[in-house]
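Below: the structure, in structure tokens.
Residue numbers (UniProt numbering): 1 to 361.
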């Protein structure tokens, strides 16, 4: 009886995953990856969206990996059905790096998918290993049970400093945002809150490959009041315009005479990222000191922490998204744990706080 209870408890702490793909080869490959990890239980597979929806109630997964392009019911339609009926299930999209696949994946991310992984272009062992690393790390970051003690401590710290005592900050000349996992949906939700007459330039790092960042800029541009563009070398930063770092390049802010401009480079990755939030934020410190408002939103890892600490040391206003509204509370959680946040806020209060910080300084 004791052994049965121990086995039941062990299963309860594992992450339950359902694999959905119309390719039997991909289903076998992804299943093998999950079966190799002792912290994950493969509950089953499905060949398309209709098959997946019929199995969700019985298999009760925590995470679904979902192919973007499938017959009968594609990934986007399946995602909407999962989100409506089983909102607690996290969904990771599997996408090919084609223009069509990228566009559909971005639609999925803006409609509630938690993350995405690109399918390997080649059937080599190294491609398989890279896919395995991405899938396992992203699934575990999305599912917090295995880190419950660490998470509880972080939440307690966030509650303790959710609104820091008022301090004097220099007038802001720029707004900078760092975001990763869950970012497209978060940005889509808040972008319309920026007013047309927003008085500062906005610079933004979202961890994504090149094709994605241009499409993200286009999507945000279509829903907000301020124009959004992908950064190019030498681009002048203008009040009331947002610039997104292009995938594959670090973006920095530099001064050219009296103007602020964008510079790009393909230097080494930082925090396994290029573009990296830390690179952008450090450049702002070099040019503007603490005359900035910085926001760290949902994302995996700790990119942005060192940049935030450098900005805070110069007097910048630092905002962090709270755990409850983050898809992954890694990046903002690291800022909170380091006691570098002036305010820890739900997503829908980030832009209002930015506006308040500008208005009342």
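Quick reminder that beta carbons are idealized off the backbone N, C-alpha and C, glycines included.
Assignment of residue 51 by DSSP, reduced to helix, strand and coil, places it in the helix class. For residue 284, the closest alpha carbon among the candidates 226, 187, 176 is that of 176.
For residue 294 and residue 174, the gap between their C-alpha atoms comes out near 9 Å.
Taking 9 Å as the cut-off, the Cβ atoms of residue 30 and residue 109 do not count as close. Within the stretch 81-124, the runs of beta strand (DSSP E) at least 3 residues long that lie entirely inside it are, in chain order, 90-95, 115-118. As for any alpha helix (DSSP H) of minimum length 4 sitting wholly inside the stretch 198-244, the runs are 210-223, ordered along the chain. Cα atoms of residue 22 and residue 98: separation of roughly 18 Å, rounded to the nearest angstrom.
Beta-bridge analysis with DSSP links residue 294 to 176, 318. Contact check between the stretch 336-348 and the stretch 272-280: fewer than three CB pairs, one atom from each, fall below 8 Å, which does not count as touching. Shown here, residue 310 sits in a helix according to DSSP, grouped into three states.
The alpha-carbon of residue 273 is positioned some 12 Å away from that of residue 178. Residue 64 and residue 52 do touch by the CB rule: their CB atoms are close to 7 Å apart, below 8 Å. Rounded to whole angstroms, the gap between the alpha carbons of residue 112 and residue 59 is 21 Å. Closest in alpha carbon position to residue 107, among 192, 39, 215, is 215. Contact annotation: residue 46 and residue 54 have beta-carbon atoms nearer than 9 Å.
For residue 338, the three-state secondary structure derived from DSSP is coil. Under the DSSP assignment, residue 328 falls outside any beta strand (DSSP E); it carries neither an H nor an E label.
Residue 56 is not a Cβ neighbour of residue 94, given a cutoff of 9 Å. Secondary structure at residue 302: coil, using DSSP grouped into helix, strand and coil.
Nearest in C-alpha terms to residue 318, of all of 255, 168, 240, is 168. When rounded, the separation of the alpha-carbon atoms in residue 87 and residue 143 is 14 Å. When the five nearest sequence neighbours on each side are left out, the beta carbons in the same chain lying within less than 6 Å of the beta carbon of residue 245 are those of 205, 231, 251, 275, in order along the chain. The C-alpha of residue 259 is placed about 22 Å away from the C-alpha of residue 315. Residue environment analysis places residue 201 among the buried positions, since at least 16 neighbouring C-beta atoms fall within 10 angstroms of its C-beta.
Going by C-alpha positions, residue 307 is about 19 Å away from residue 350. Residue 323 counts as buried, since at least 16 other C-beta atoms from the protein chains shown sit within 10 angstroms of its C-beta.
The beta-bridge partner set that DSSP reports for residue 16 consists of 41. When DSSP reads this structure, residue 345 sits in a beta bridge with 321. According to the DSSP assignment, residue 186 belongs to the alpha helix (DSSP H) that extends over 183-190. Boundaries of the beta strand (DSSP E) around residue 259: 259-265.
Taking C-alpha positions only, residue 48 is separated from residue 102 by approximately 19 Å.
In this chain, residue 29 is not harboured by any beta strand (DSSP E); it is covered by the alpha helix (DSSP H) spanning 24-35. As DSSP reads the structure, residue 280 sits in no beta bridge. Going by beta carbons, residue 263 and residue 233 fall inside the 9 Å limit.
DSSP, read as helix, strand or coil, puts residue 69 in coil. Here residue 59 is not bridged, per DSSP, to any residue.
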